[in-house]
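Rendered as structure tokens:
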């Protein structure tokens, strides 16, 4: 597990499931410690809320889709 | 991914649009074909989302399957994606345009079901923890059927109900503990 610091205003951060993300939002900048989220494997944060970070799950889903379609033989080789 | 399309919140609708567009972009990158051109397809995808949402607006709490049925129907009727996939992705005797749109509509919904929460009749919320993984022959039949749906407005409600039922049946096949208890 690694810890990344992401400023949501800056857009993307590379993460994997179970990585801890310190999210420093505009509001959190006023506080000394950014709030920590731990992502589940579906890309949502541990509180069960859909975080902006779940865009990463969309990318994982698209990767999975192409792999799945090739694996079951839908795509001709 | 598709849940936000049916939201009353502008931010959630926009977020869903971004997710759908991003999904398609990454799908095309991995498929190895032409680059997906967001500028050409974005407006039609907005139209698809608006139509799907409007057609379910009479229901206060539609299920994820009903939402997916409407999204899929309007996606394959409007064919928003004109960028071709590599030749090996196409089925015989069906125009390319229809196939790529049927594949993307189905896959966007299939991925959206993963961890979607089903509100059970017993009041208990149950997440769909397992992804739907249809067989090759199931998928070919589904894609062929979606790609050949005819634009007959009087049948749209029937189409969307049937597609929603297929999604629901598949979801419960792979998540049997989420299924409603049948009264025989």
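Chains as they are written, first to last, in the working numbering: chain A, 156 to 232; chain B, 976 to 1159. Even for Gly, the Cβ is constructed at its ideal location relative to N, Cα and C. Because the structure is a prediction, the values reported are computed rather than measured.
| Item | Value |
| --- | --- |
| N-terminal and C-terminal residue of the beta strand (DSSP E) that residue 1094 of chain B is part of | 1092-1094 |
| N-terminal and C-terminal residue of the beta strand (DSSP E) that residue 1102 of chain B is part of | 1100-1102 |
| Contact set between the segment 1079-1097 of chain B and chain A, restricted to residues whose Cβ is under 8 angstroms from the partner | 1082, 1085, 1086, 1089, 1090 |
| Neighbour flag for residue 1047 of chain B against chain A, beta carbons, 8 angstroms | no |
| Secondary structure of residue 1020 of chain B, DSSP reduced to three states | helix |
| Distance between residue 1107 of chain B and residue 1150 of chain B (C-alpha atoms, nearest Å) | 8 angstroms |
| C-beta neighbour in chain A for residue 1010 of chain B, strict 8 angstroms | no |
| Residue burial classification, residue 995 of chain B (beta-carbon count within 10 angstroms, cutoff 16) | buried |
| Selected residue, minimal CA-CA separation from residue 1058 of chain B, among B/1075, B/1116, B/1033, B/1005 | B/1075 |
| Cα-Cα separation between residue 219 of chain A and residue 1145 of chain B, rounded to whole angstroms | 18 angstroms |
| Counted within 10 angstroms of its Cβ, other Cβ atoms place residue 1129 of chain B as buried (16 or more) or exposed | exposed |
| Neighbour flag for residue 1123 of chain B against chain A, beta carbons, 8 angstroms | no |
| C-alpha distance - residue 204 of chain A paired with residue 1052 of chain B, whole-angstrom precision | Caution applies to residue 204 of chain A, whose pLDDT of 40 falls short of 50 and renders its modelled position unreliable; the value that the coordinates give is listed next. Whole-angstrom Cα-Cα distance: 33 angstroms. |
| Beta-carbon spacing of residue 1047 of chain B, residue 1084 of chain B below 8 angstroms | yes |
| Residue span of the alpha helix (DSSP H) that contains residue 1054 of chain B, given as start and end | From DSSP, residue 1054 of chain B is part of no alpha helix (DSSP H); its letter is neither H nor E. |
| Stretch-stretch touch, CB-based, cutoff 8 angstroms, three pairs: the segment 219-232 of chain A with the segment 984-991 of chain B | no |
| Validate contact between the segment 1088-1107 of chain B and the segment 1004-1013 of chain B using beta carbons, cut 8 angstroms, 3 pairs | no |
| Separation of residue 1063 of chain B from residue 1166 of chain B, as counted between CA atoms | Outside the displayed span of chain B (976 to 1159) sits residue 1166 of chain B, for which this structure offers no information. |
| Cβ of residue 1005 of chain B within 8 angstroms of any chain A Cβ | yes |
| Environment of residue 1029 of chain B [buried if 16+ CB atoms lie within 10 Å] | exposed |
| Interface partners of residue 989 of chain B on chain A, CB under 8 angstroms | Within chain A, no residue comes near residue 989 of chain B; the closest Cβ sits about 12 angstroms away, beyond 8 angstroms. |
| Cβ shell of residue 1023 of chain B (< 8 angstroms), same chain only, five flanking positions each side left out | 1046, 1049, 1050, 1053, 1055 |
| For residue 1133 of chain B, three-class secondary structure by DSSP | helix |
| Distance, residue 1042 of chain B Cα to residue 1140 of chain B Cα | 11 angstroms |
| For residue 1115 of chain B and residue 1044 of chain B, believed in contact at Cβ under 8 angstroms, the rounded distance | Residue 1044 of chain B to residue 1115 of chain B, Cβ: 20 angstroms. No contact. |
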